[in-house]
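Undergrad: Note that the sequence shown covers residues -24 to -1, 1 to 359 in mature numbering (1 follows the signal peptide of the UniProt record, and there is no 0).
For every residue, glycine included, the Cβ atom is placed at its ideal position computed from N, Cα and C.
Below: one structure in structure tokens.
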Amino acid sequence: MTIKLQVLALFFLFLSCSSPSNHAENVSLNIISQDLPSQASILNLSEFYTFDRLIKLQSNDSSIIDYINKVLVDDDLVFIKGGSSLFKFKLNGDFQKKLTKGIGGPDEYVNLTDVLILPEQDRLWLYDSNQRSIFQINYDLEMEVDYSLNYPLFGVEKLEKGLIGTSGYLEVLDKFSSLYSFVGENLATGFALSKNHLKFNPEKARYLHVYRHDFFSKGPVGYNFVNSFNDTIYYVSENMEVIPKYYVDFGSNKVNENELIGRDYSSIVDVFQYINSSDKSYNVGNVVEFERYLLYKFFNQGLPFVSVYDKSEKILKSGRKISFDYLGQDVVLELDEEISFGTLGNNRAYLVIPSEASILREYQVLFQVKDGDNPIILFFDEK
């Protein structure tokens, strides 16, 4: 390990030691040295995971989803955040109902920023960044409670002791921080801001940000939070402790702060044109962590790549393409921005693949879909 990485590890270790807990004491920083895979590289996901269920969502005028942001499952129900709409399907793919945005009146959300599922209550929470409110709905997609949180966030997660949310790159109460903790038990009694974590440079935040839907993901214990500003994945405990867990070290391909500040960029477009024209890697996301393997995506020159890290063997494998076994046939796909991964909890995860021939190619026949159909969803777990 280089001196630079040793110093970085000690710094993160110091941060992690400030908030010990029963599980936090077992969390240590893992530094993952991420090289840039070749354009021809293929990551065989079936080496690590078993793909055991295909969800083909019914496609009609009411159920068409342009882009799947998030998938939530409880028993035989599937809820999908697609843009500003929430869709309800049966696990067999049958379309049930759709909830769309309003104009801000009573019981109407404007921006469907995030969705949480509370399976023990048969309820969903919708966070609206426009009204800075949480709407509680039942599984029939009927509005029940409208609670004003009064904080502009891009993602939220419900913990045992309260809520944790991220503002992305937004300023909240003159506090330039990536995470905010709110204490409280439910929407009836409300939530109060208790702490802000992970401060960032506000000028850097003007440029290195991505409006994403995968800030939080369920881990083997607690949650993971991915921070675009420093290529780090943090462990978040149910007690709202925040501890650095994985640092993805892009080495010479890392986007440095001096490339983002003091450059007099005229817009965010200029910044991404610079990053995408260079050999810089950034935007770690789509984090899926099981007991043994950690999966994540990242971008370089505007192209997505995916990696799987074996936590026990400390081995990293990456690819520009993915392959997996489905019904005994080897499927090989070039990664696209709309091919995404997410967690379902209980050591289960999902893979979303658009149905278009430009992505699925000859595999449209295998999955029995055509252009214009809804994306397909594959469930998988760890081998």
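I need the straight-line Cα distance from Leu303 to Thr142, nearest angstrom please.
TA: Here the question's residue 303 lines up with position 327 in the sequence shown. Here the question's residue 142 lines up with position 166 in the sequence shown. The alpha-carbon atoms of Leu303 and Thr142 are separated by roughly 40 Å.
Undergrad: What's the C-alpha gap between Lys66 and Ser294?
TA: Residue 66 sits at position 90 when you count from the first residue of the sequence shown. Residue 294 sits at position 318 when you count from the first residue of the sequence shown. Between Lys66 and Ser294, the C-alpha separation is close to 34 Å.
Undergrad: Under 8 Å: do the region 25 to 32 and the region 343 to 353 share three or more Cβ pairs, one atom per stretch?
TA: Touching, yes.
Undergrad: Just to confirm my understanding: we take Val(-18), look at its own chain, exclude 5 residues before and 5 after, and list those with CB closer than 6 Å. What are they?
TA: In the sequence shown, residue -18 corresponds to position 7, counting from 1. In this prediction, Val(-18) has a pLDDT of 45, which is less than 50 and means its spatial position is unreliable; what the coordinates show is noted afterwards. Excluding residues within five positions, none has a Cβ falling inside 6 Å.
Undergrad: Would you mind stating whether Val132 and Leu92 have Cβ atoms separated by less than 8 Å?
TA: Locating residue 132 in the sequence shown gives position 156, where the first residue counts as 1. Locating residue 92 in the sequence shown gives position 116, where the first residue counts as 1. Yes, they are a contact pair.
Undergrad: Does the Cβ of Phe275 have 16 or more other Cβ atoms within 10 Å, making it buried, or fewer, making it exposed?
TA: As a working note, residue 275 is residue 299 in the sequence shown. With 16 or more Cβ atoms within 10 Å of its Cβ, Phe275 is classed as buried.
Undergrad: At the level of alpha carbons, what is the spacing between Glu313 and Val159?
TA: Position 337 of the sequence shown, counted from the first residue, corresponds to residue 313. Position 183 of the sequence shown, counted from the first residue, corresponds to residue 159. Between Glu313 and Val159, the C-alpha separation is close to 36 Å.
Undergrad: Could you tell me the alpha carbon to alpha carbon distance between Ser213 and Gln277, rounded to whole angstroms?
TA: By 1-based counting over the sequence shown, the position of residue 213 is 237. By 1-based counting over the sequence shown, the position of residue 277 is 301. Those two C-alpha atoms are separated by around 34 Å.
Undergrad: Are the region 187 to 207 and the region 259 to 272 touching by the rule of at least three beta carbon pairs closer than 8 Å?
TA: Touching, yes.
Undergrad: Distance, Cα to Cα, Pro220 vs Asp240?
TA: Counting from one through the sequence shown, the residue named residue 220 turns up at place 244. Counting from one through the sequence shown, the residue named residue 240 turns up at place 264. Their backbone Cα atoms lie some 32 Å apart in a straight line.
Undergrad: Answer yes or no: do Glu358 and Asn323 have a C-beta to C-beta separation smaller than 8 Å?
TA: For the purposes of this step, residue 358 is identified with residue 382 of the sequence shown, where counting begins at 1. For the purposes of this step, residue 323 is identified with residue 347 of the sequence shown, where counting begins at 1. Taking 8 Å as the Cβ cut-off, Glu358 and Asn323 qualify as a contacting pair.
Undergrad: Looking at the secondary structure, which residues open and close the beta strand (DSSP E) in which Asp246 lies?
TA: Residue mapping note: residue 246 aligns to position 270 of the sequence shown, counting from 1. Looking at the DSSP string, Asp246 is not in any beta strand (DSSP E); the run it does join, the alpha helix (DSSP H), is 244 to 253.
Undergrad: If you draw a straight line from the C-alpha of His189 to the C-alpha of Met216, how long is it?
TA: The sequence position of residue 189 within the sequence shown is 213, counting from 1. The sequence position of residue 216 within the sequence shown is 240, counting from 1. Near 20 Å, if we compare the C-alpha coordinates of Met216 and His189.
Undergrad: Just the C-alpha distance for Ala333 and Ser299, rounded to the nearest angstrom, thanks.
TA: By one-based count along the sequence shown, residue 333 stands at place 357. By one-based count along the sequence shown, residue 299 stands at place 323. Taking the straight line from one Cα to the other gives about 17 Å.
Undergrad: If you compare alpha carbons, which of Ile329, Val282, Arg337 is closest to Asn20?
TA: The residue you call residue 20 lines up with position 44 of the sequence shown. The option with the nearest alpha carbon to Asn20 is Val282.
Undergrad: Which residues does DSSP list as the beta-bridge partners of Arg29?
TA: On the sequence shown, position 53 is the one that residue 29 refers to. Answer is Phe355, bridged to Arg29.
Undergrad: Going by the CB atoms, is the gap between Val86 and Asp104 shorter than 8 Å?
TA: Here residue 104 refers to the residue found at position 128 of the sequence shown. Here residue 86 refers to the residue found at position 110 of the sequence shown. Cβ atoms of Asp104 and Val86: closer than 8 Å.
Undergrad: Please list, in chain order, all residues of the same chain as Ile335 whose beta carbon is under 6 Å from its beta carbon, the five residues on each side excluded.
TA: Taking the sequence shown and counting its residues from 1, one reaches residue 335 at position 359. Same-chain partners within the cutoff: Asp312.
Undergrad: On a Cα-Cα basis, can you pick out the residue from Asn6, Tyr339, Ser38 that is closest to Thr76?
TA: Start at 1 with the first residue of the sequence shown, and residue 76 comes out as number 100. Comparing Cα positions, the closest option is Ser38.
Undergrad: Kindly indicate the opening and closing residues of the alpha helix (DSSP H) around Val341.
TA: The count along the sequence shown starts at 1 and reaches residue 341 at position 365. Counting along the chain, the alpha helix (DSSP H) containing Val341 begins and ends at 339 to 343.
Undergrad: Tell me the rounded alpha-carbon separation between Glu235 and Ser253.
TA: Position 259 of the sequence shown, counting from 1, holds the residue named residue 235. Position 277 of the sequence shown, counting from 1, holds the residue named residue 253. Rounded to whole angstroms, Glu235 to Ser253 spans 13 Å at the Cα level.
Undergrad: Mapping DSSP to helix, strand and coil, what is residue 373?
TA: Since the first residue shown for the chain is -24 and the last is 359, residue 373 is missing from the structure and cannot be characterised.
Undergrad: What span of residues does the beta strand (DSSP E) with Asn336 cover, start to end?
TA: Your numbering for residue 336 matches position 360 in the sequence shown. First, the amino acid is wrong: residue 336 is Leu here, not Asn. From DSSP, Leu336 is part of no beta strand (DSSP E) but of the alpha helix (DSSP H) over 333 to 336.
Undergrad: Considering only C-alpha positions, which residue in the set Asn114, Gly78, Arg108, Tyr223 is nearest to Leu94?
TA: Here residue 94 is taken as the residue at index 118 of the sequence shown, counted from 1. Cα-wise, what sits closest to Leu94 is Asn114.
Undergrad: Counting along the chain, where does the beta strand (DSSP E) carrying Glu23 start and finish?
TA: Against the sequence shown, residue 23 aligns to sequence position 47. Segment: none, Glu23 is in no beta strand (DSSP E) and carries neither H nor E.
Undergrad: Using CA coordinates, which residue listed in Asp42, Asn6, Ser242, Ile140 is at the minimum distance from Leu62?
TA: The sequence position of residue 62 within the sequence shown is 86, counting from 1. Closest by alpha carbon: Asp42.
Undergrad: Can you name the start and end residues of the beta strand (DSSP E) that His173 belongs to?
TA: Reading the sequence shown from its first residue, position 197 is the one you call residue 173. Run containing His173: 168 to 175, per the beta strand (DSSP E) assignment.
Undergrad: Please list, in chain order, all residues of the same chain as Leu342 whose beta carbon is under 8 Å from its beta carbon, the five residues on each side excluded.
TA: Residue 342 sits at position 366 when you count from the first residue of the sequence shown. Tyr302, Leu303, Gln305, Val307.
Undergrad: Smallest Cα separation from Asp52: which of Glu136, Ile44, Lys64?
TA: Within the sequence shown, the letter at position 76 stands for residue 52. Comparing Cα positions, the closest option is Lys64.
Undergrad: Among His173, Lys194, Pro13, Asn2, whose alpha-carbon lies nearest the alpha-carbon of Glu310?
TA: Within the sequence shown, the letter at position 334 stands for residue 310. When only C-alpha atoms are compared, the closest one is Pro13.
Undergrad: Any idea which residues DSSP pairs Val307 with across the strands?
TA: The residue labelled residue 307 in the question sits at position 331 within the sequence shown. Bridge partners of Val307: Phe300.
Undergrad: Distance, Cα to Cα, Asn177 vs Phe191?
TA: Within the sequence shown, numbered from 1, the residue matching residue 177 stands at position 201. Within the sequence shown, numbered from 1, the residue matching residue 191 stands at position 215. Going from the Cα of Asn177 to the Cα of Phe191 covers about 19 Å.
Undergrad: Can you give me the Cβ contacts of Lys256 inside the same chain, cut-off strictly under 6 Å, excluding the 5 residues immediately before and after it?
TA: Reading the sequence shown from its first residue, position 280 is the one you call residue 256. Cβ neighbours of Lys256 beyond the five flanking positions: Asn229, Val231.
Undergrad: Using the Cβ count rule (16 or more neighbours within 10 Å means buried), how would you classify Ala325?
TA: Counted from its first residue, the sequence shown places residue 325 at position 349. Buried, by the Cβ-count rule.
Undergrad: Tell me which same chain residues have a C-beta within less than 8 Å of the C-beta of Ala168, skipping the five on either side of it?
TA: In the sequence shown, residue 168 corresponds to position 192, counting from 1. For Ala168, where only same-chain residues beyond five positions count, the Cβ hits under 8 Å are Phe158, Val159, Gly160.
Undergrad: Out of Ile110, Met119, Ser153, point me to the one whose CA is closest to residue 370's CA.
TA: Nothing can be reported for residue 370, as the shown portion of the chain is limited to -24 through 359.
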